[in-house]
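Here is the structure we will look at.
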Amino acid sequence: MALRFIARDPNIDGANCPTVWVDEDKQELVFQGWKADEATRCDCLAAGPIPDSEDVVRLPMRMVAAIREACDVADRPAVR
5 MALRFIARDP NIDGANCPTV WVDEDKQELV FQGWKADEAT RCDCLAAGPI
55 PDSEDVVRLP MRMVAAIREA CDVADRPAVR
């Protein structure tokens, strides 16, 4: 797997913080975020079940620029 690091949460100091990568081989975005609380999980379950192989994570809105950058990287022809 070739993960391309995009950014960490700019407002948190340290390595254990929300982060976004692009997996250029699988053409996927990869997110590290805070585990969703039970209320958030319940709200998400209203849209359908969450398989055991998936989970809900939370990222702060201040990471929107990093997520956009990751989307731009993933959308480049070289990645496809």
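Going by the numbering used here, the sequence shown opens with residue 5, and the numbers climb by one from there.
Backbone N, C-alpha and C fix where the C-beta goes; we use that ideal spot for every residue, glycine too.
From a predicted model like this one, the values you see are computed outputs, not experimental measurements.
In whole angstroms, what is the alpha-carbon distance linking residue i and residue j?
| i | j | result |
| --- | --- | --- |
| residue 11 | residue 81 | 21 angstroms |
| residue 4 | residue 50 | As shown, the chain starts at 5 and ends at 84. That puts residue 4 outside it, with no answer to give. |
| residue 68 | residue 75 | 10 angstroms |
| residue 31 | residue 40 | 25 angstroms |
Among the options, which one has its Cα closest to the Cα of residue i?
| i | options | result |
| --- | --- | --- |
| residue 61 | 76, 8, 72 and 48 | 48 |
| residue 73 | 24, 15 and 17 | 24 |
| residue 15 | 75, 64 and 79 | 64 |
| residue 42 | 36, 34 and 54 | 54 |
| residue 79 | 21, 17, 13 and 33 | 33 |
| residue 46 | 35, 36 and 59 | 59 |
Kindly give me the distance between the Cβ atoms of residue i and residue j, rounded to whole angstroms, as I take these residues to be in contact under 8 angstroms.
| i | j | result |
| --- | --- | --- |
| residue 89 | residue 66 | What the structure shows of the chain is the stretch from 5 to 84, and residue 89 is not part of that stretch, so it cannot be assessed. |
Looking only at its chain, what residues have a beta carbon closer than 6 angstroms to the beta carbon of residue i, apart from the 5 residues adjacent to it on each side?
| i | result |
| --- | --- |
| residue 38 | 62 |
Curious, which full-length alpha helix (DSSP H) runs of at least 4 residues does the segment 12–73 contain? 42–49
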